[in-house]
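Enquirer: The following block contains the structure, expressed as structure tokens.
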Amino acid sequence: MTFSDYLILFGGMGLATYLPRSLPLIYLAHKKMPQWLIDWLSLIPVAILSALLAPSLFADAAARSFAFGKLELLVAIPTLVFSLKTRSLGGTVLVGMLLYWLGGMVY
Amino acid sequence: MHEANKLTLRQGATAAWPICLGYFPIGLALGVLAQKAGLPWWAVAMMSGLVFAGSAQFICVAMIATGASTPAIILTTFVVNLRHVLMSSVLAVYLQGVNRKFLALFAYGVTDESFAVNLTRFRKGEWDRWRALVVNHLANAVWVMATICGALAGQFVPQGALGIDYALTGMFICLLVFQLQGRIYIITGLLAAALSVLWYLLIPGDSYIVGASMSAATIGYLLKRRHRRGK
Chain A
9 MTFSDYLILF GGMGLATYLP RSLPLIYLAH KKMPQWLIDW LSLIPVAILS ALLAPSLFAD
69 AAARSFAFGK LELLVAIPTL VFSLKTRSLG GTVLVGMLLY WLGGMVY
Chain B
13 MHEANKLTLR QGATAAWPIC LGYFPIGLAL GVLAQKAGLP WWAVAMMSGL VFAGSAQFIC
73 VAMIATGAST PAIILTTFVV NLRHVLMSSV LAVYLQGVNR KFLALFAYGV TDESFAVNLT
133 RFRKGEWDRW RALVVNHLAN AVWVMATICG ALAGQFVPQG ALGIDYALTG MFICLLVFQL
193 QGRIYIITGL LAAALSVLWY LLIPGDSYIV GASMSAATIG YLLKRRHRRG K
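Residue numbers (the working numbering), protein chains in the order written: chain A, 9 to 115; chain B, 13 to 243.
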């Protein structure tokens, strides 16, 4: 691929990435949002975070099949408990990494 | 530099460090894969600069490696990034009336990770748009550098060092905990988890993220409304 081939490809991808991020923000920030929309949107973050996390803990990515007892899941349990107790983002990240690293040696 | 600006930068950087830590190994991995797929380092730099979207970039590299066409890759990118419509809409609640130039600059850096970090802080009421902007663009800078490093020298980095591959998972776990501010949030989160796993197993592609989160939020919203009416 030449320089201009890459430019067309990545330029197109850039637009396909930027528009879904910018249009709703620019439109909705200058519009009075109805209360039902605000209420519904307030539940979106917890739902999105769960939907991003759960398949990586409960499913095998290569085979796309259900998997119970992956190292990711085993580490997630103490990491979750730590985060509930301490409410510390940095601490949770480090504890998760440490456990995953140690777990990888024995698992 | 003005003291207030320094504080904004410092607090933004403090919020962004878990993202940066998590982006580094992923960016390296992407750079290595891109190099193996035949992309020169400057093309990797161009891609990360124009397209700040990790999962779409991984898919793009895989598609280039299998010889997919340019329109097919762009369309796939669009579909994979549709979930950001939801995230930008949520952020709009906290950026009401902000000028469009700022929003145009801010929107570029809305990713799963920056969204989760900024939203958590906006909710606590301890955040403003400038700190949020620092988070977005610092994460982006680290991402671009990590992918270039990966393309140039990634094959020399040992795999899985120090459990760093778990950084973003750990961050998402904690940010999820921060979101659990009442029973309806816990129910919605559990619903989204169950639906996303089912959706992931049954339907190919990435629609499980948008599909499961919108369904779970809708059910959660209806439950909440019924509960309120019942009182």
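For glycine and all other residues, C-beta sits at the position ideal for the given N, C-alpha and C. Remember, predicted model here, so these are calculated numbers, not experimental data.
1) Return the chain-ordered list of same chain residues with a C-beta closer than 8 Å to the C-beta of Leu79 (chain A), the five sequence neighbours on each side being excluded.
2) Would you kindly report the start and end of the unbroken alpha helix (DSSP H) that includes Ala16 (chain B)?
3) Is the shortest distance between the beta-carbon of Phe184 (chain B) and the beta-carbons of chain A less than 8 Å?
4) Less than 8 Å between CB atoms is the rule here; does Thr25 (chain A) satisfy it with respect to chain B?
5) Where does Val222 (chain B) land, buried or exposed, given buried means 16+ other C-beta within 10 angstroms?
6) Can you give me the Cβ contacts of Gly166 (chain B) inside the same chain, cut-off strictly under 8 Å, excluding the 5 residues immediately before and after it?
7) In the DSSP assignment, what are the bridge partners of Ala24 (chain A)?
8) What residues in its chain sit with their C-beta under 8 Å from that of Leu51 (chain B), if we drop five residues either side in the sequence?
9) Is the CB-CB distance between Gly24 (chain B) and Leu107 (chain B) below 8 Å?
10) Could you tell me how far apart the beta carbons of Thr100 (chain A) and Cys161 (chain B) are, in whole angstroms, since I believe they sit closer than 8 Å?
11) Can you list, in chain order, the residues of its chain with a C-beta nearer than 8 Å to that of Ser12 (chain A)? Leave out the 5 residues immediately preceding and following it.
12) Could you pull out every residue in the same chain whose Cβ sits closer than 7 Å to the Cβ of Ala224 (chain B), ignoring the five residues on either side in sequence?
13) Please go through the same chain and pick out, in chain order, the residues whose beta-carbon is closer than 7 Å to the beta-carbon of Leu49 (chain A), but skip the five residues on each side of it.
14) Apart from the five residues on each side of it in sequence, which residues of its chain come closer than 7 Å, Cβ to Cβ, to Gly61 (chain B)?
15) Checking the sheet assignment: what are the DSSP bridge partners for Ser81 (chain B)?
16) Determine, using beta-carbon pairs with one atom in the segment 19-33 of chain A and one in the segment 190-197 of chain B, whether at least three such pairs fall under 8 Å.
17) Applying the criterion that 16 or more other CB atoms from any shown protein chain within 10 Å of the CB defines a buried residue, is Gly137 (chain B) buried or exposed?
18) Does the beta-carbon of Asp124 (chain B) have 16 or more other beta-carbons within 10 angstroms, so that it is buried, or is it exposed?
Expert: Let me lay it out:
1) Tyr108, Gly111, Gly112, Tyr115
2) 15-48
3) yes
4) yes
5) buried
6) Leu40, Ala41, Gly43, Val44, Gln47
7) DSSP, once it has assigned bridges, lists no residue as partnering Ala24 (chain A).
8) Met59, Val73, Ile76, Ala163
9) no
10) Not really, about 26 Å apart at Cβ, beyond 8 Å.
11) none
12) Ala204, Leu207, Ser208, Trp211
13) none
14) Val156
15) Answer by DSSP bridge pairing: none, since Ser81 (chain B) is not bridged.
16) no
17) exposed
18) buried
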